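K.L.:
Sharing a structure, written as structure tokens. Questions coming.
Residue numbers (the working numbering): 12 to 77.
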């Protein structure tokens, strides 16, 4: 799988949203994220679509905590 500009590593996503990889993997397991692609090593590769889903999850959590 060739890395495109719109592909992001788990570490990059964690840094962008200040979440742990455990949280990301939990959201994926719960079905809150569309199937996350994996590269030739089996590492997750997040797309722009996944980023939008993560933004929505975080916004919803903020609303629930208000």
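Glycine residues also receive a C-beta, built at the ideal position from the N, C-alpha and C atoms.
Keep in mind that this is a model prediction, so the values were computed, not measured.
Any heavy atom of the ligand SAM inside 8 Å of the beta-carbon of residue 42?
P.N.:
As presented, the structure is devoid of all ligands, the ligand SAM included, so that no description of it is given.
K.L.:
Apart from the five residues just before and just after residue 55, which ones in its own chain have a Cβ nearer than 7 Å to its Cβ?
P.N.:
Residue 55 sits at position 44 when you count from the first residue of the chain shown. So the list reads 21, 47, 49, once near-sequence residues are dropped.
K.L.:
Report the partner residues of residue 57 according to the DSSP bridge assignment.
P.N.:
By one-based count along the chain shown, residue 57 stands at place 46. Residue 57 pairs with 19.
K.L.:
Taking the alpha carbon of residue 72 as the reference point, which residue from 57, 17, 28 has its own alpha carbon closest?
P.N.:
The residue you call residue 72 lines up with position 61 of the chain shown. Of the listed residues, the one whose Cα sits closest to residue 72 is 28.
K.L.:
I'd like the list of long-range same chain contacts for residue 44, defined as Cβ closer than 6 Å, with 5 residues on each side in sequence excluded.
P.N.:
The sequence position of residue 44 within the chain shown is 33, counting from 1. So the qualifying residues of the chain are 38, 61, 64.
K.L.:
Taking Cβ to Cβ, would you say residue 59 is nearer than 9 Å to residue 17?
P.N.:
Here the question's residue 59 lines up with position 48 in the chain shown. Here the question's residue 17 lines up with position 6 in the chain shown. Yes, these two residues count as a Cβ contact at 9 Å.
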